[in-house]
Structures are given as structure tokens and as C-alpha cells.
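Here the protein sequences line up with chains A and B, keeping their order.
Counting from 1, one number per residue, gives the positions in the first sequence under my numbering.
Counting from 1001, one number per residue, gives the positions in the second sequence under my numbering.
Ideal Cβ positions, reconstructed from N, Cα and C, are used throughout, including at glycine.
Just so you know, these numbers come straight off a predicted model, no measurement behind them.
First comes the structure, then the notes that go with it.
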Amino acid sequence: MANYFTDNEDIKFHLNDERFKTILELREKGYTDNKAYPFAPDDFEDALDNCHQALSLIGELSAEILAPAATDTDRKGCRLENNVVSYAKGTQEMIDRLKQAELFGFTLPRKYGGLNFPMTVYMMAVEIVSRADASFMTLFGLQEISETIHLYASSELKDKYLPKMASGEYSGAMVLTEPEAGSDLQAIGLRATYDEKEECWFLNGVKHFISNGCGDVLLVLARSEQNVQGARGLSLFLYEKDENLLVRRLEDKLGIHGSPTCELQFKNCRATLVGKRKRGLSRYVMSLMNGARLVVGAQSIGIAQEAYNQSLQYARQRKQFGKSIIEFPPVLEMLTNMRVQIEAARSLMYEASLMVDVHHVYNRYGTKDKESAAKIKELNRFAGLLTPMVKYYASEMCNKITYDAIQIFGGAGFMRDYEVERLYRDARITTIYEGTSQLQVVAAVGGLTSGLFFKLLEIKISQSFPEAFKPLVEKIRECEKLLQQAVSSVKAKNDHLYLEYHARGLVDMATETLIAVLLLQNSIKSDHKFDIAKKFIADTCVRVKMLADKTINGDDLAIYECRRIIDSPI
Amino acid sequence: MAYRMVCLMKQVPDTRNITADVLREDGTVNRQALPAVVNPDDLFALEMALDVKDKYGGEITVMSMGPPAAIEVLRDAMSRGADHAILLTDKKFAGADTLATSHVLESAIRKNGPFNLIFCGRQAIDGDTAQVGPQVAEKLDIPQVTFAEAIEFLDQDDIVIRRAIEGGFERIRGRIPLLVTVTNAAANPRPPSIKRKMFWKKAQTRSSVQSEEEGEMLERGLLIPVWGLAEVGCAAEICGFQGSETWIKNVENVKLTAHEPKSFDTSETGIKELINELINEHII
């Protein structure tokens, strides 16, 4: 039987990371849970094997149920009738199967019916389902919502909702965007008012572009302090759907048709405050968003993997001028770049999620002395830097790869007979939702100017590499130097607009330099990874040189000059 | 009413993906080169039993006759929701034809106690006989419905089953206890529950665990009972190779050869000839 986990050597490679030993040991509290829960692991080997079992099951369901229905799901989409949204047939069947398989509570603790898997394993699952049908991620990936409830809501709410979310009986939605508040969530206007008599909050207003807004448990960002502008006036609420919520319409989208994107009207909807007032955006949504950004990173890699697999198969079969088109160097070059960039993105992806996992377990179960506290804080800052980098790199990579996939298919790829056109359309949202690429760059560039990035790079690059790797380490060192020069040169201008103008180039350089080290680190365990690293580092050196040169010596266009170009009559 | 059910399942070589290195020179199948899987139809049988359990309540005992490695079938069935599992294994059971197999299964079912419904897959993908289910029903002296696609009605001991027949289906009304053989047109098998799988993957038979581990395994409910000849209480001479009435004499490769195509004119006469030809070949 087809299986999207067992057929993917690279995911299995990352599941072998030695950090899982610490993560699982701490998460499982020294493997003591098996008394209360018969399915809990007895030791590390057992725990890691459980991760394999779960991914293998999800890999089989993805390949056998979700993927074969993906074209039909894309064509038919979701339907809205009498305020009720129904999913496409394949989507609904996958939901039912995942419920039977008990795979909806990946990271939740067992006491809520969850599986207590690390975040990284969950990300692997997201990647696997997204490869089968990218639109399904918006349902499967919403497990982030239960994680947010778990982290910040009262024990009353947790007891009430988490078991139902872990079993898949309830699905969720994160309800943030409004027509006038997209990237700028501080502008949110949906009103939350407290009724003293009823001792309860009521929500009124409109939200739009809400993935799975028809879900049962909605986490809604709303203005609880009517007189306070900006983020300080926003709180997070949990709303269990009832007849007071109207699904006004489903959006007609370019891609991810299997995912219902809803416009919602709240009319006196009774809701419960999550955590503390005024912390809605600054604390809880930021945390929710960080998880969601990693999820989009994983989704992007899944889409890219499928585009690559199909391109490779087609390039081997398709004959022109009497031979397979893969024999032609221009096609081979495209395929090589695809493969290298997917593995590059995966290295960054799982570095970031492992960092989140290590931080989580130290923070929760680790020792609490001063030294550890400093280490935990630093891990959190590294994770905060890597998250936007993953989202940015993986989603841009995914768009490039699906673009090239159609190129390899040629005219056939432009037709709807092949799946690459769907992958190309599905890919397009990844650089937009959960924060656009431009916002990811802004989030990441701070780590470059503060020096945090260089601290992380130094930790990675100063580990001991085999003698044969030395020339490649030297090349990465050169990139590091150029990046430092570029950052200094931009900082010297002391102009934040100038910094933002160059931020994309700087973040490109930084992300690729970091990936280069990560791939080299992977190469210690695998000859294949060494080939990937060699190719990636060669490309990175050239890109970093060019971008550094552009930043330092080339494009010193002042912002007002850009405006002059734009403002001249078309 | 809650139903006591038995589901008979078999481990088979996965013949769905046969490659060249799997067939030996003499045309027999090299079983070691093929992964062992649960016989596909048996999963549909288990699903039908689980569905009865979901709707009306009850308990399902899964039995598999085979070598010790067949425990994997039982682990899988337990992960999907079966309640009890018994491995029927004994050197004396080896080399059984369908008749000898049905003797062992009959004895095991009787020994297991009262039952209401017995489910089997329609046929196994290795032998393709579709005989074991019917033979077990004969020996238990209970009615049987073969090629079942769905249980359409069940109330106390009154049952209506839809069964496939050529060109359609028929509805059969019967009384339980009854044996059903299930086709792959029935409801799709559910996946294993990951929680059950993480538990049942550790299940072993008594003979395969170290004696110091035995107590703990038993306490955790991870020891799967094994019944051999003595436990099943079947006479040795009707089991295994000794009890078999049929033997495979030899296996031959089938060579599919293409015949020369026949052509007909696009005239009235040509069409008449074509139709005659089709009638002669019993195609129309």
C-alpha cells in the first residue's frame, strides 16, 4: 500500500535526530506514564517507534484516502447551505478515518485524550497530509488551536473542550482577520462587551478570510477595551458555535478549495475569555501564530515534495527528440535545484521545530537554576528567530518549485489533466497567510541587527566537522563575513526605512547561510546529504556575494527616489 | 442484544505486488520474498463484525491459524477494535488443505464457547478457494451466507444480509447463529486506532517471551493465548497434512498468449460474420 511516510527517506532521516532522546525523555517524564495509560511508551526506543507508527498510519491514510480524492476535492470544493458548511467527500472521509485512528490530538497530553507527541512529529504529519492535499492542512493543522487552549485557557475550559478536540469530535478555527485588519491585527474592531448581569462576554461584528470558520470551537481576537486603541485593547475569546453565528459566505479562491474560507457575522455570541484581558494579541495570538507559521512551513514542504515527485516521474517518462527529457541538462538542472531546495527547507524546518521542542521540555520539565533559565530564554529567542525564517524560506521555495514543476510538464502541465496545476495554485497562499513573506522578513531581520543570528550561527558552525568538510566550512565562513559587512553597512545608515528596504536581501543571505551549516551538519551522518550540502553551499556563496554587493555597493536608492519612480505617470 | 462474534483471519503473502524475483523457476511462489499481510477480504469481515459491535454491542474474538508469525494479524485486529485474540498454531496443523483447516477452526470455535455470528473473508489471496468459511459452517451445522456485502437488518436472532450474485445482489433473511463470508464490496475497513496500536504492537505469545517477563506481560494483558492441538481438542488425524484430502500435485506458470486478430469487412456481410463470431464465442 502506498505510504507518504515510509516512502520518504528525508523525513525518516530527520526523525533520527539525536535531540529526540532528550525531548522524549523529558516529555515522557522518564517514561512513567505507562501505568496510567497502557499505550504510553516504556522507554526511548518504544517512544520513537510510536512516532514511526503514528506517522506511518498517517502516511497510509494520506496516500490511500486523501490523495486519490484531491482532484475531486479541488473541483467540487466546499458547500454552504442554510448556514451549514459541508466538506468535499474526500475531505470528510479523511476526517472520519483520522477520528477512527485517533490522530487528532498529536501534541496534547494524554489526560485530555492526546498522544503527547513532540511538535516536530506533528510537523512531519502536517507535511505528509499536505503532500496528499494541501487544503486538508487547514483542518489537520488547526491542532494548534487546542495547543493554545492547553497553554493559556483555564482548567475549566481545558477539561471541557480539549477531550473533544483530541477525539476530532470538535474542529476549531483561529478567528483573527477582519476586512480592515489583515496584516495589521492591531486594527481589529470586533467588539467584545462584558455583561455584568449575565457575567459573560458577548461578541458582535464581522470577520473574514477565516479558514474553517464553520468549526465548533473558535478562538476569536476581539476588542475588549473599547477606549484603548491598538494591541493593548485586544483579548482572546473562546466561542463555541451556536445559532448566533452566521456563516455569510464562502470565498471563491485560487487554490486550497477543500478548505472552507468563511465570512462570519457574530450577533451577540456568548464567549469566554481565554487567559488575561488585554493580552490577546501580544501574548496568545503571537504564540498561536508562531505555531501556525511552522505549520505553513511544513505544508509548503509537503506541496513541494509532491510537485517534485510528479515532475521527476514525468521527466523520466516523457520522451522528446528520442530520449527522456530528464536526459537534457536544463531539465536535470531544474530537478536538481528542486531536490536540493526541498531538503534545504526540511533541514531548516526541523531545526526550528526541534528548537521549539527542546525549549518546551526544558521550560516545562527541566531544572530551574539560573544557568538553565538563561539557556531556556536563549532557546526561546532562537526559536523566535527561526520560525519566520522557516515560513519565509519554505513558502517561497514551494512557489518556485511548483512553478518549475509546470515548466517540466510543459504544455501538459498547463492543462488541468495533471495535478501540478493544482499544486501550483495551492502553493500560492503559503507566502500570504499566517503573515506574508514581507512580514516574516521584518520579524527575522531584527535578529540580524541585534546579533542574535550570528550567535546561533557561531554555535552551529563551530562544532567539530570532519577534515574533508573544512573547505566547505571555509566557504560558509566567507558568507558569514559578507553578511556581517552587509548588516553593518545597512545599520550605519541609521534609517529604519532603509533597513526595511534591504531587509529581504539580508534575511535571504542569513537564511541560506544558516541552512548551509545545517546541511553540513546533516552530512556527518549521510553521504547523500554531503552531495546536497556541496551543491547548496556552491549556490549560496554566489547568492550571498551578489546580495552583499548589492546591499553594500549597489542599490543605495533612497526611499524618496523609489517613490519618484512609482509616482511618475504610467 | 449484544452479540458474541468470532472473526476468522489469515496471514497471507502480499500477492498484490508480485515482482519477477518472487516466482521461482518451478513456478512456485517464494513466500519469503513477499511481505506478509492480513488477507484483504478478512479486514472487510472484521469491519462488518466491528460495525455490529458499534451498533448493537458485543464482543469479537479473532482467531488465526498459522505459524507463530501470524500473531501480527492478531495485533492488527486488536488495534482495529477486536476484543480477544487467539492464535491457533501447532506443527501438526501445518500443510493443511481447506478441509483440515476447517476441522481445526470448528474445534477452536466450539472450545471458545457460545457464539451468535461468525465472520470470514470471502477467500484468501494465496489459495483463492473460498472454501474454508463454508466448510466451517457445515461442520458447526449452522447456516451460512457467502459473498455478503452488508448486514441490512439485525434484531435479536433475525438477520437480513445483502449478498452479491452475478449481475446484481439478493437479500437473504436468516436466523443466527450464522456464518457470513464477506467480500471487498462491503464497507471499507477502518484504520487501526493509533492508541490501541501502540499498545498491541507489544503483544506476544507465551512461548516468545522470557520467563521473567511473563508475569508482567500477563498483568498488562499483552499475552495472546496460543492453542495447539491439545488445547483445541481436535483429533490429530483430521488436522494438518495428515488430515488433508487434497494435495497440490504441481504448479504451472500460465503463459498468456495473444491470438491473431481477425478482421471483418465494414460491409453488411462483415457485420453479420462479426456477430456470428461473437455468438459462437459466447461473448454475446
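Looking only at DSSP bridge pairs, what is residue i linked to?
i                  : result
Ser1004 of chain B : According to the sequence displayed, residue 1004 of chain B carries Arg and not Ser. Arg1004 of chain B pairs with B:Glu1059.
Gly1168 of chain B : B:Ile1165
Met338 of chain A  : For Met338 of chain A, which the question treats as bridged, DSSP gives no partner whatsoever.
Asp1155 of chain B : B:Asp1158
Lys323 of chain A  : A:Gln320
Glu180 of chain A  : Paired residues: none, contrary to the question.
Glu598 of chain A  : Coverage of chain A is limited to positions 1 through 570, which leaves residue 598 of chain A absent and any answer about it impossible.
Cys562 of chain A  : DSSP lists no partner for Cys562 of chain A.
Lys207 of chain A  : A:Leu264
Val1226 of chain B : B:Leu1087
Thinking just about the alpha-carbon of each residue, which of the options is nearest to the one in residue i?
i                  : options                                       : result
Leu312 of chain A  : A:Glu333, A:Val126 and A:Ile301               : A:Glu333
Trp1200 of chain B : B:Pro1040, B:Ala1085 and B:Thr1015            : B:Ala1085
Ala468 of chain A  : A:Leu520, A:Ala492 and A:Ser489               : A:Leu520
Pro260 of chain A  : A:Asn522, A:Gln53, A:Val84 and A:His52        : A:Val84
Lys967 of chain B  : B:Leu1117, B:Phe1241 and B:Gly1233            : It is not possible to answer for residue 967 of chain B, since the shown part of chain B is limited to 1001 through 1284.
Glu378 of chain A  : A:Ile461, A:Leu456 and A:Ile432               : A:Leu456
Ser282 of chain A  : A:Leu245, A:Lys323, A:Gln299 and A:Arg232     : A:Arg232
Ile342 of chain A  : A:Ile11, A:Thr6 and A:Phe5                    : A:Ile11
Val1136 of chain B : B:Thr1089, B:Val1006 and B:Gly1058            : B:Val1006
Ala134 of chain A  : A:Val247, A:Glu419 and A:Ile459               : A:Glu419
Ile58 of chain A   : A:Ile376, A:Ala2 and A:Ala70                  : A:Ala2
Leu972 of chain B  : B:Thr1129, B:Ala1230, B:Ile1118 and B:Asp1155 : Residue 972 of chain B falls outside the range modelled here, since chain B spans only 1001 to 1284, and no answer is possible.
Gly1058 of chain B : B:Ala1082, B:Asp1076, B:Pro1068 and B:Phe1044 : B:Ala1082
Ser347 of chain A  : A:Ala40, A:Ala394 and A:Ala492                : A:Ala394
Asp252 of chain A  : A:Tyr170, A:Phe209, A:Leu157 and A:Phe237     : A:Phe209
Ser62 of chain A   : A:Asp42, A:Glu93 and A:Asn82                  : A:Glu93
Leu1088 of chain B : B:Gly1095, B:Met1078, B:Asp1076 and B:Leu1105 : B:Leu1105
Anyone know if the C-beta pair for residue i and residue j falls short of 8 angstroms?
i                  : j                  : result
Ser211 of chain A  : Ala173 of chain A  : yes
Tyr574 of chain A  : Met338 of chain A  : Only positions 1 to 570 of chain A appear in the structure, and residue 574 of chain A is not among them; the question remains open.
Lys99 of chain A   : Ala88 of chain A   : no
Thr513 of chain A  : Val544 of chain A  : yes
Gly291 of chain A  : Tyr152 of chain A  : no
Gly258 of chain A  : Thr402 of chain A  : no
Leu294 of chain A  : Thr387 of chain A  : yes
Ile1194 of chain B : Leu115 of chain A  : yes
Gly447 of chain A  : Leu26 of chain A   : no
Val1052 of chain B : Ile1165 of chain B : no
Gly141 of chain A  : Val121 of chain A  : no
Gln1011 of chain B : Gly1066 of chain B : yes
Gly205 of chain A  : Arg191 of chain A  : yes
Val1038 of chain B : Val1073 of chain B : yes
Cys262 of chain A  : Leu254 of chain A  : no
Val175 of chain A  : Leu139 of chain A  : no
Thr436 of chain A  : Leu506 of chain A  : no
Val1285 of chain B : Ser1207 of chain B : Residue 1285 of chain B lies beyond the residue range present for chain B, which begins at 1001 and ends at 1284; the question has no answer from this structure.
Where do the ends of the alpha helix (DSSP H) carrying residue i lie?
i                  : result
Gly413 of chain A  : Gly411 to Phe414
Leu157 of chain A  : Ser155 to Ala166
Tyr239 of chain A  : First-last for Tyr239 of chain A: Leu234 to Glu240, but that is the beta strand (DSSP E), not the alpha helix (DSSP H).
Gln100 of chain A  : Lys89 to Ala101
Gln1131 of chain B : Run containing Gln1131 of chain B: none; DSSP gives neither H nor E here.
Asp195 of chain A  : Here Asp195 of chain A belongs to no alpha helix (DSSP H); instead the beta strand (DSSP E) covers Arg191 to Asp195.
Ala187 of chain A  : Careful: Ala187 of chain A lies outside any alpha helix (DSSP H) and carries neither H nor E.
May I ask which residues mark the beginning and end of the beta strand (DSSP E) holding residue i?
i                  : result
Met174 of chain A  : Gly172 to Val175
Ile1118 of chain B : Leu1117 to Gly1121
Lys267 of chain A  : Thr261 to Val274
His1178 of chain B : According to the sequence shown, residue 1178 of chain B is Leu rather than His. Note, Leu1178 of chain B: beta strand (DSSP E), Leu1178 to Val1182.
Arg248 of chain A  : Leu245 to Leu250
Pro1013 of chain B : Gln1011 to Pro1013
Ala486 of chain A  : Premise fails: Ala486 of chain A lies in the alpha helix (DSSP H), Lys470 to Ala492, not in any beta strand (DSSP E).
The segment 182 to 197 of chain A / the segment 120 to 131 of chain A touching (three or more Cβ pairs under 8 angstroms): no
Pairing CB atoms from the segment 1094 to 1109 of chain B with CB atoms from the segment 1240 to 1253 of chain B, are three or more of them under 8 angstroms? yes
Is the segment 361 to 380 of chain A in contact with the segment 534 to 542 of chain A, if contact means three or more CB pairs nearer than 8 angstroms? no
Counting pairs of Cβ atoms below 8 angstroms between the segment 39 to 58 of chain A and the segment 1170 to 1183 of chain B, do you hit three or more? no
Any contact between the segment 1178 to 1189 of chain B and the segment 1135 to 1155 of chain B? By contact I mean 3 or more CB pairs, one from each, below 8 angstroms. yes
State whether the segment 418 to 437 of chain A contacts the segment 463 to 482 of chain A, with contact taken as three or more CB pairs (one from each stretch) at a distance under 8 angstroms. no
Contact between the segment 216 to 230 of chain A and the segment 23 to 39 of chain A: three or more CB pairs below 8 angstroms? no
Should the segment 315 to 334 of chain A be regarded as contacting the segment 342 to 358 of chain A, the criterion being three or more beta carbon pairs within less than 8 angstroms? no
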